[in-house]
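Peer 1:
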Amino acid sequence: MEILQINLGKSRAASNQLEQICQENNPSFICIQEPYTLGGKISGIPIKNTVIASTNPKSAIVIREPNCSIFPLLAKPNIIAIECSYNNMTIIIVNIYIPPLSEFDETLIELDKIITSQQGKYLIITGDFNSKNAIWGGSINDDRGDKLSEFFLVHNLFVLNEKYSQPTFETTNGKSWIDLSVTSGELFPKVTHWEVADEESLSDHKYITFGFFNAEPSVIRRLTKHGTAKLFEIIKKDPWFYNNPFIHNTADDIEETLHIFYYRFESWLKKCEKNVKTHGRANPWWSEELNITRKRVNAYRRRFQRSRNIELRPLYKREYLDFRNEYKEMIVTSKITSWRNFCFDATKKSLFGIPYKIAFNKIKTPIIIPPITKIDNSKTTSHIESVEYILDSVYAQDDIQTDSALLTNIRNSIKNTNSNPPDVKFTYQEIETIIVNLRLKTAPGIDKITVSILKQIWEYHYLFIHEIFNSCLQFGHFPKTWKIGKVILLIKLNRPTN
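Throughout the sequence shown, residue numbering follows the working numbering, covering 0 to 497 in sequence.
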């Protein structure tokens, strides 16, 4: 898990450059203070990312990690808290912005409530605290810094900032160490690195990156065209189909056959799937010219910062600031021009393309399940509790005590011996007609058997499928493995999310 934190100083150019920085470094989460906003909402973040923020935000968390579930715990202008379910772990991430002259005690009270309510869970806190203490850098202590260090001590929190690191805040007039990264005691040993980047951010603050767990990056495996052809060849020649009569005398025999089949199918997939790169698309508005200009800005900044010559330093400062402003204008202009060109090209193809969907809020975004208001007016307090409450509300429980007269009669009739004649078996033609007419683009279930794979199994081993279907019909049995599915929740637009 990689986290990037930055105070953007409400800068449009800094927000635009952040998009490119994320493209290059691929953090899992971005903790932003003082984001660039329009109309009280964060602007400049790609729509493919999930943003957790309040109205008129001073802090926000951007989720870029696809393999996690998010539950918002608190969303206020100065403080954002989320619960993240990641790799079978529950991690609380809190992002904070405290203005220099106000809201210090109020924010610490909110933070204390979160820490107390989430005892025992991994905790990450990032933020611009505008508090000074020699513990996390510099040589100056102020009252807020003393209070904050005491707060960390009481709650057994560990500051990741290294005392002799580069300053996290730096202008041409001074520098300070006010942006902090903090973890709970349980998570602290799992920190792999923490760093202040020596990189122009177009803000007075610097990028801070840190990570946890030191695990290998998750690998995505997919069936390529070559892998699919190899899989079809394995299915065709596997001796299991030819050496097995597939005789089923009980429903348990059906379950055993399907268990063996799915076990073998998983092994076939492992042989045929290939590791694939998951790098996102390059930013269409980012150019080589911008890349070169960014390097020159970094060079001008370092020359100014390192200069000790009284006569040259003002000259270096002016050159750095002039070139930095020019770079800012280049970034903003480049993104606006690219967006205009995209809208022009997209509307030529269709008036109802992406620009239309964005304007009318019809873009599908990742689902974030918020706290759900229950019947007793209490709210769910975790992602798991929300999901369970939704499923319990949507899917009826099989409780005999709540049966209607109709359901009672059905249960009783099932218990009686069925004197009806056996159902007529499925014919080869009936099954083939169904399989041949299945749409190829139909999404597979959790067993990963696509329509094209099913058609190959039918072509080479139709007796296997024919026997399974007729055995299920004979014993009135629906295999357990076919009852397992993945529930996907669809949020209705313009409806209360709770």
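Cβ atoms here follow ideal geometry from the backbone N, Cα and C, with glycine treated the same way.
How is GLN118 classed by DSSP in three states: helix, strand or coil?
Peer 2: Position 119 of the sequence shown holds residue 118. Correct three-state label for GLN118: coil.
Peer 1: Does the region 165-176 come close enough to the region 140-155 that 3 or more CB-CB pairs lie under 8 Å?
Peer 2: Short answer: they don't touch.
Peer 1: Report the rounded CA-to-CA distance for LYS162 versus ASN132, giving the unit in angstroms.
Peer 2: Reading the sequence shown from its first residue, position 163 is the one you call residue 162. Reading the sequence shown from its first residue, position 133 is the one you call residue 132. Straight-line Cα distance between these residues: approximately 10 Å.
Peer 1: Could you pull the start and end residues of the alpha helix (DSSP H) that SER412 belongs to?
Peer 2: The sequence position of residue 412 within the sequence shown is 413, counting from 1. Looking at the DSSP string, the run of the alpha helix (DSSP H) that includes SER412 is 404-414.
Peer 1: What did DSSP end up calling GLN304 once you bin it into helix, strand or coil?
Peer 2: Here residue 304 is taken as the residue at index 305 of the sequence shown, counted from 1. The answer is helix: DSSP assigns GLN304 an H, G or I state.
Peer 1: Apply the 10 Å Cβ neighbour rule to HIS465 and answer buried if 16 or more other Cβ atoms are within range, or exposed otherwise.
Peer 2: The residue given as residue 465 occupies position 466 in the sequence shown. Counting Cβ neighbours within 10 Å, HIS465 comes out buried, since at least 16 surround it.
Peer 1: Contact criterion: CB-CB distance below 8 Å. Does GLU387 meet it with respect to chain B?
Peer 2: The question asks about chain B, but that chain is absent: this structure has only one protein chain.
Peer 1: For VAL386, which three-state DSSP category applies?
Peer 2: For the purposes of this step, residue 386 is taken as the residue at position 387 of the sequence shown. Looking at VAL386 - three-state DSSP - the assignment turns out to be helix.
Peer 1: Can the beta-carbon of VAL195 be found closer than 8 Å to that of VAL181?
Peer 2: Here residue 195 is taken as the residue at index 196 of the sequence shown, counted from 1. Here residue 181 is taken as the residue at index 182 of the sequence shown, counted from 1. Not a contact, by the Cβ cut-off of 8 Å.
Peer 1: Determine, using beta carbons only, whether ARG505 and TYR319 come nearer to each other than 8 Å.
Peer 2: The first residue shown for the chain is 0 and the last is 497, placing residue 505 beyond what the model contains.
Peer 1: Does DSSP put PHE425 in a helix, in a strand, or in coil?
Peer 2: Mapped onto the sequence shown, residue 425 falls at position 426. Looking at PHE425 - three-state DSSP - the assignment turns out to be coil, as it is neither helix nor strand.
Peer 1: On the three-state DSSP scale, how would you describe SER333?
Peer 2: Here the question's residue 333 lines up with position 334 in the sequence shown. Helix.
Peer 1: For the alpha helix (DSSP H) that THR256 lies in, which residues bound it at each end?
Peer 2: Along the sequence shown, read from residue 1 onward, the residue named residue 256 stands at position 257. Its alpha helix (DSSP H) spans residues 250-271.
Peer 1: Can you give me the C-alpha to C-alpha distance between GLY119 and ASN155, rounded to a whole angstrom?
Peer 2: For this step, residue 119 is matched to residue 120 along the sequence shown. For this step, residue 155 is matched to residue 156 along the sequence shown. Each residue's alpha carbon lies about 12 Å from the other.
Peer 1: Under the DSSP definition of a beta bridge, which residues are partnered with GLN32?
Peer 2: Counting from one through the sequence shown, the residue named residue 32 turns up at place 33. BP columns for GLN32 point to ASN6 and SER58.
Peer 1: Check whether the Cβ atoms of ILE97 and THR106 sit closer than 8 Å, and answer yes or no.
Peer 2: The residue given as residue 97 occupies position 98 in the sequence shown. The residue given as residue 106 occupies position 107 in the sequence shown. Going by C-beta atoms, ILE97 is nearer than 8 Å to THR106.
Peer 1: Whose C-alpha, out of LYS479, GLU109, ASN94 and ILE62, is nearest the C-alpha of THR364?
Peer 2: If you number the sequence shown from 1, residue 364 lands on position 365. Closest option to THR364, Cα to Cα, is ILE62.
Peer 1: Keeping to the same chain, check which residues put their C-beta closer than 6 Å to that of GLY498; ignore five residues upstream and five downstream.
Peer 2: Outside the displayed range of the chain (0 to 497) lies residue 498, so it cannot be described from this structure.
Peer 1: In chain order, which alpha helix (DSSP H) runs of at least 4 residues are fully inside the region 165-230?
Peer 2: The region 165-230 contains no whole alpha helix (DSSP H) run of 4 or more residues.
Peer 1: What are the boundary residues of the beta strand (DSSP E) that includes PRO91?
Peer 2: Here residue 91 refers to the residue found at position 92 of the sequence shown. Reading the sequence as shown, one finds Ile at residue 91 and not Pro. Run containing ILE91: 88-96, per the beta strand (DSSP E) assignment.
Peer 1: To the nearest whole angstrom, what separates the beta carbons of PRO71 and ILE51, a pair I think is in contact under 8 Å?
Peer 2: Here residue 71 corresponds to residue number 72 of the sequence shown, with the count starting at 1. Here residue 51 corresponds to residue number 52 of the sequence shown, with the count starting at 1. Confirmed, about 6 Å.
Peer 1: On the CB-based measure, 16 or more other CB atoms within 10 Å of its CB, does LYS334 come out buried or exposed?
Peer 2: Locating residue 334 in the sequence shown gives position 335, where the first residue counts as 1. Label assigned to LYS334: buried.
Peer 1: Would you give the residue range spanned by the alpha helix (DSSP H) that ILE456 belongs to?
Peer 2: Looking up residue 456 in the sequence shown gives position 457. Start and end: 450-474.
Peer 1: Taking the alpha carbon of LYS205 as the point to measure from, which residue in ARG263, SER14, PHE264 and LYS347 has its own alpha carbon closest?
Peer 2: Along the sequence shown, one-based indexing puts residue 205 at 206. The shortest Cα separation from LYS205 among ARG263, SER14, PHE264 and LYS347 belongs to SER14.
Peer 1: Alpha carbon to alpha carbon, what distance is there between GLU169 and ILE368?
Peer 2: The sequence position of residue 368 within the sequence shown is 369, counting from 1. The sequence position of residue 169 within the sequence shown is 170, counting from 1. Whole-angstrom Cα-Cα distance: 39 Å.
Peer 1: Taking only the alpha-carbon atoms, compute the straight-line gap between VAL450 and LYS270 and give it to the nearest angstrom.
Peer 2: Here the question's residue 450 lines up with position 451 in the sequence shown. Here the question's residue 270 lines up with position 271 in the sequence shown. C-alpha separation (whole angstroms): 20 Å.
Peer 1: Between ILE330, ALA250, ASN129 and HIS192, which lies nearest to ARG143 when the distance is taken from Cα to Cα?
Peer 2: Stepping through the sequence shown from its first residue, residue 143 is reached at position 144. Nearest option by C-alpha distance: ASN129.
Peer 1: Which of the three DSSP states, helix, strand or coil, is assigned to ILE246?
Peer 2: Counting from 1 along the sequence shown, the entry for residue 246 is found at position 247. Coil.
Peer 1: Would you call ILE330 buried or exposed, if buried means 16 or more other Cβ atoms sit within 10 Å of its Cβ?
Peer 2: Stepping through the sequence shown from its first residue, residue 330 is reached at position 331. Flag for ILE330 reads buried.
Peer 1: What does DSSP give as the partner residue(s) for ASP375 in the beta ladder?
Peer 2: Within the sequence shown, numbered from 1, the residue matching residue 375 stands at position 376. Beta-bridge pairing links ASP375 to no other residue.
Peer 1: For a test of your reading of the model: does the CB of SER68 fall under 7 Å from any non-hydrogen atom of the ligand PLP? Yes or no.
Peer 2: Inclusion of the ligand PLP in the displayed structure is not the case, the ligand content being empty and no account of it being possible.
Peer 1: Measuring CB to CB, does ILE69 end up less than 8 Å from ILE81?
Peer 2: For the purposes of this step, residue 69 is identified with residue 70 of the sequence shown, where counting begins at 1. For the purposes of this step, residue 81 is identified with residue 82 of the sequence shown, where counting begins at 1. Contact flag set, yes.
Peer 1: Going along the chain, which residues of its own chain have a beta-carbon closer than 8 Å to the beta-carbon of LYS9, five neighbours each way excluded?
Peer 2: For the purposes of this step, residue 9 is identified with residue 10 of the sequence shown, where counting begins at 1. The residues are GLU33, PRO34, TYR35 and THR36.
Peer 1: According to the Cβ coordinates, are GLU109 and LYS75 closer than 8 Å?
Peer 2: For the purposes of this step, residue 109 is taken as the residue at position 110 of the sequence shown. For the purposes of this step, residue 75 is taken as the residue at position 76 of the sequence shown. Against a cut-off of 8 Å, the Cβ pair of LYS75 and GLU109 comes out as a contact.
Peer 1: Rank CYS342, GLU1, MET0 and GLN16 by C-alpha distance to the C-alpha of SER286 and give the top, closest one.
Peer 2: Against the sequence shown, residue 286 aligns to sequence position 287. Measuring from the Cα of SER286, the nearest candidate turns out to be GLN16.
Peer 1: In angstroms, rounded to a whole number, what distance separates the CA positions of SER306 and ARG312?
Peer 2: As a working mapping, residue 306 is identified with position 307 in the sequence shown. As a working mapping, residue 312 is identified with position 313 in the sequence shown. Roughly 6 Å separates the two Cα atoms.
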